[in-house]
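Residue numbers (the numbering used here), protein chains in the order written: chain Y, 104 to 288; chain D, 326 to 428; chain F, 2 to 484.
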Amino acid sequence: MNAVFYIAAAVALISTIMVITRLNAIHALLYLIVSLLAVAVIFFTLGAAFAAALEVIIYAGAIMVLFVFVVMLFNLGPSATAQESQWLSLSAWIGPAILALVLVGELAFIITRGAAIAPAAGVVEPKQVGVALYGPYLLGVELAALLLLAAMVGAYHLGREWGDEATGRRGDGATEGKRDGEKEE
Amino acid sequence: MMATVPTEYGLLLAGMLFALGLIGVLVRRNIVFILMSLEIMLNATGLAFVTAGARWAQADGQVMYLFILSMAAAEVAVGLALVLKLKRQFKTLDADAASRMHG
Amino acid sequence: MIRMTIDDLVALSPLLAIAAASVALMMVIAFYRDARAALVCALAGIALAFAMLPVAASKAPRQITQLLILDQYALFYLGLLFITCFAVALLAHGYLGRLGGQLEELYVVLLLATTGGAALVMSAHFVSFFLGLEILSVSLYVLIAYPRRSARGVEAGIKYLILAAASAAFMLFGMALIYAELGTMEFAQMASGMAGGDVRQELLLIGQAMIFVGVGFKLAVAPFHVWAPDVYEGAPAPVTAFIATVSKGAVFALLVRYFANLGDEVVQPFFPALAAIAVASMFVGNLLALEQTNVKRILAYSSIAHMGYLLVAFLAGGSLGATAVAFYLVAYFVTNLIAFGVVTILSGRREADEIEDYRGLFWRRPWLATTFLAALLSLGGIPLTAGFMGKFYVLMAGVESALWLLAVILAVNTMISFYYYLRVAFMMFRDAPEGEAAAIRPLPSLSFMGATALALLTLLMVWIGVYPGPLVQTIRSMVAGLR
Numbered sequence: 104m105n106a107v108f109y110i111a112a113a114v115a116l117i118s119t120i121m122v123i124t125r126l127n128a129i130h131a132l133l134y135l136i137v138s139l140l141a142v143a144v145i146f147f148t149l150g151a152a153f154a155a156a157l158e159v160i161i162y163a164g165a166i167m168v169l170f171v172f173v174v175m176l177f178n179l180g181p182s183a184t185a186q187e188s189q190w191l192s193l194s195a196w197i198g199p200a201i202l203a204l205v206l207v208g209e210l211a212f213i214i215t216r217g218a219a220i221a222p223a224a225g226v227v228e229p230k231q232v233g234v235a236l237y238g239p240y241l242l243g244v245e246l247a248a249l250l251l252l253a254a255m256v257g258a259y260h261l262g263r264e265w266g267d268e269a270t271g272r273r274g275d276g277a278t279e280g281k282r283d284g285e286k287e288e
Numbered sequence: 326m327m328a329t330v331p332t333e334y335g336l337l338l339a340g341m342l343f344a345l346g347l348i349g350v351l352v353r354r355n356i357v358f359i360l361m362s363l364e365i366m367l368n369a370t371g372l373a374f375v376t377a378g379a380r381w382a383q384a385d386g387q388v389m390y391l392f393i394l395s396m397a398a399a400e401v402a403v404g405l406a407l408v409l410k411l412k413r414q415f416k417t418l419d420a421d422a423a424s425r426m427h428g
Numbered sequence: 002m003i004r005m006t007i008d009d010l011v012a013l014s015p016l017l018a019i020a021a022a023s024v025a026l027m028m029v030i031a032f033y034r035d036a037r038a039a040l041v042c043a044l045a046g047i048a049l050a051f052a053m054l055p056v057a058a059s060k061a062p063r064q065i066t067q068l069l070i071l072d073q074y075a076l077f078y079l080g081l082l083f084i085t086c087f088a089v090a091l092l093a094h095g096y097l098g099r100l101g102g103q104l105e106e107l108y109v110v111l112l113l114a115t116t117g118g119a120a121l122v123m124s125a126h127f128v129s130f131f132l133g134l135e136i137l138s139v140s141l142y143v144l145i146a147y148p149r150r151s152a153r154g155v156e157a158g159i160k161y162l163i164l165a166a167a168s169a170a171f172m173l174f175g176m177a178l179i180y181a182e183l184g185t186m187e188f189a190q191m192a193s194g195m196a197g198g199d200v201r202q203e204l205l206l207i208g209q210a211m212i213f214v215g216v217g218f219k220l221a222v223a224p225f226h227v228w229a230p231d232v233y234e235g236a237p238a239p240v241t242a243f244i245a246t247v248s249k250g251a252v253f254a255l256l257v258r259y260f261a262n263l264g265d266e267v268v269q270p271f272f273p274a275l276a277a278i279a280v281a282s283m284f285v286g287n288l289l290a291l292e293q294t295n296v297k298r299i300l301a302y303s304s305i306a307h308m309g310y311l312l313v314a315f316l317a318g319g320s321l322g323a324t325a326v327a328f329y330l331v332a333y334f335v336t337n338l339i340a341f342g343v344v345t346i347l348s349g350r351r352e353a354d355e356i357e358d359y360r361g362l363f364w365r366r367p368w369l370a371t372t373f374l375a376a377l378l379s380l381g382g383i384p385l386t387a388g389f390m391g392k393f394y395v396l397m398a399g400v401e402s403a404l405w406l407l408a409v410i411l412a413v414n415t416m417i418s419f420y421y422y423l424r425v426a427f428m429m430f431r432d433a434p435e436g437e438a439a440a441i442r443p444l445p446s447l448s449f450m451g452a453t454a455l456a457l458l459t460l461l462m463v464w465i466g467v468y469p470g471p472l473v474q475t476i477r478s479m480v481a482g483l484r
């Protein structure tokens, strides 16, 4: 199990370094997703299978998709097509793909070796987590619900189109600079 | 049966990921990248909690991880809504323009 | 398996009421959008939550699951938070009316933020500590960037979000380290765990230090204060009042409870660092405030300095320290609400936050100017105001614990602070420049709600300053029950 942990840790570190050094947002997101998948494998080696599943489903799935969605939203326009082809170039996805393949290899290893390599100590079954969540931590669940409610109401209000707000700061240097930037495209 | 992963290594990895995320927050100037780096930091804290929970064989670590997950989702939702609002106010869809706003 | 009983629910009723009020208000807004109806619903919700306090008090002290605790200490701060939220809602009404647009969601988020603060002052566990703080933070991001045309607000909101999320991550990592060492996240059980032999103290120290980073950011004390002036300036005036009071007060109340549980030995290694933070906050706040020309920025730097004063009381420790913290917080809450209330009442589409906006205010709005003057004097700590009594108790706690140097620095800083408070005060008595009278912006008409709130708060401030006895008695009895 230790070898699986070390390899996954290396994948996580490499892909995280790639995230913070990329210039293109989509490339960075690809690496970030690989990093999250690697952390999911690490969760499994730590005996937290439930957390591993949630890492893939919610973190790599839902939250990252939100990121991709917003980044895509910014790039609508004439330059989008050019960027699309640039994103799909080999160099963009070969790195994340290799790292992801390493993780797939680990997954295959774990599946073929089966229970023999399951972590010995510290395993926390999903059932235990559920019992804790709806037992002693019930109020925590309620508070988390309020947290999400605040985020929902807030995102709704902030993300709403008002139609008249593109005023910015009139005569501001920053605004002027951006208009120039648009013309260049 | 192989040996289990020592708690120290899990915490060390979490610390390294956390540091990388912090570097990202400090160095990057584009808001979308800063939000991504914040996600890395939060994910690292989640890893630290799951590692700690595994040390004590308690469910508490994973419960805290779940709450961190919901916090990360809330932060991202509001953060991206703010970024959208910023873009709309300054009449640009250029994601890199955000870099000029920061700091 | 832990089961909640009826008694638990009764003890929890203030928190339940304020949370239910936010959800109910959201439902009302979904079907009937009206600023006045939304305000009335919000006020009714807060009043209901406040009315639940005596009901809940009959069950105090009571531990509700592992996460929350309801004792006299929590009840006191819950009352303070609810009153503050009530005042902010009243002040926000007129402000929103001048801003225009469909703005009822503000009350929903305001109630949620107060719920987060309420969870904070009741928490006895890392989970509720973290979740309460996050509810507060996420609500504040929204409130800061709330007005739809405010470019400054969006910038301030993003800045606050990035820094708050990063500091929350620090805090969480610190909690994880402590949990990894102790195997418990309950405050009450940590003290015994820390005394154990096989615990690596250095990891615990790092963990506590990282928690301090998160808390220090929320309080905006010296090395973590950079966000405060920009956010204070960019946020709408009523929201600034909320940030200055509820967000800082709830976190400070939690800090006191956390360390009361852990014991003095845990604070001891951090004493030099915390003392340095207190001194730096006082000097940074007061010296940088001297050269500001924006009233909101002046108040931001002044609140950095006030957090430094509070840290002196915190460092003094013991029941006298906790009493001083509570009294100072009450005085600070009331005074700041008045100061930002005046700014709110004068603001409309444009924030009235330049010092020039206050030129000759006394001759145009004598009552408003007098109120503002009283608030400024109280912030400075002139005798017969709430601020003076607050400083008096802090100094007393400091001297009692023989923190001579900190006490002297506090006194020196109080002197410095008079300069910029009086600068704003004198501006109100200046004559408007001749011949430019027509160029002066017309003042918005005084809203009834706002004026009422201000009048009540001013009465409260004078009462606390002149006759602090009853409040001190209440605080003494509530601090006595603090573990």
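Ideal placement from N, C-alpha and C gives every residue a C-beta, glycine not left out.
These numbers were taken from a predicted model, which means no experiment stands behind them.
Under 9 Å from the C-beta of residue i: neighbouring residues of chain F
| i | result |
| --- | --- |
| Y/L241 | I3, M5, T66 and L68 |
DSSP state of residue i mapped onto helix, strand, coil
| i | result |
| --- | --- |
| Y/N127 | coil |
| Y/E208 | In the sequence as displayed, the identity of residue 208 of chain Y is Gly instead of Glu. Of the three classes helix, strand and coil, the one that applies to Y/G208 here is helix, per DSSP. |
| F/R34 | coil |
| F/T386 | coil |
| D/N368 | helix |
| Y/V226 | coil |
| D/Q383 | coil |
| F/A403 | coil |
| Y/G238 | coil |
| F/G208 | helix |
| F/S193 | helix |
| F/A177 | helix |
| Y/V173 | helix |
Cβ of residue i within 8 Å of any chain F Cβ
| i | result |
| --- | --- |
| D/V403 | yes |
| Y/L252 | yes |
| D/Q414 | yes |
For residue i: DSSP bridge partner residues
| i | result |
| --- | --- |
| F/R63 | F/L71 |
| F/N295 | F/E355 |
| F/H126 | F/E187 |
Minimum Cβ-Cβ distance from residue i to chain D less than 8 Å
| i | result |
| --- | --- |
| Y/I145 | yes |
| Y/T148 | yes |
| Y/W196 | no |
| F/V467 | no |
| F/F131 | yes |
| Y/L133 | no |
| Y/V137 | no |
| F/G158 | yes |
Residue-level contact to chain Y via CB, residue i, 8 Å cutoff
| i | result |
| --- | --- |
| F/E401 | no |
| D/F336 | In the sequence as presented, Phe is not what sits at residue 336 of chain D; that position holds Leu. With 8 Å as the cut-off, D/L336 does not count as an interface residue toward chain Y. |
| D/G340 | no |
| F/S140 | yes |
| F/M27 | yes |
| F/A61 | no |
Check: residue i C-beta below 7 Å from any heavy atom of the ligand PLP
| i | result |
| --- | --- |
| F/M390 | In the structure shown, the ligand PLP is absent, as is every other ligand, since no ligand is present at all. |
Beta-carbon neighbours of residue i, restricted to chain D and to distances below 9 Å
| i | result |
| --- | --- |
| Y/L169 | A398, V401, A402 and L405 |
Per-residue contacts from residue i into chain Y (C-beta, under 8 Å)
| i | result |
| --- | --- |
| D/T376 | L149 |
| F/I136 | L246, L249, L250 and A253 |
Partners in chain F for residue i, counting only beta-carbon separations shorter than 8 Å
| i | result |
| --- | --- |
| Y/L116 | By Cβ distance, chain F contributes nothing, its closest Cβ being about 17 Å from Y/L116, past 8 Å. |
| D/Q383 | G184 |
Minimum Cβ-Cβ distance from residue i to chain C less than 8 Å
| i | result |
| --- | --- |
| D/I356 | Looking at the structure shown, chain C is missing, and the protein chains on hand are Y, D and F. |
Per-residue contacts from residue i into chain D (C-beta, under 7 Å)
| i | result |
| --- | --- |
| F/L173 | T370 and I393 |
7 Å Cβ cut-off: residues of chain F touching residue i
| i | result |
| --- | --- |
| D/M389 | V128 |
Near-chain Y residues of the stretch 104-131 of chain F - C-beta to any C-beta below 7 Å: E106, V109, V110, L113, T116, A120, V128 and S129
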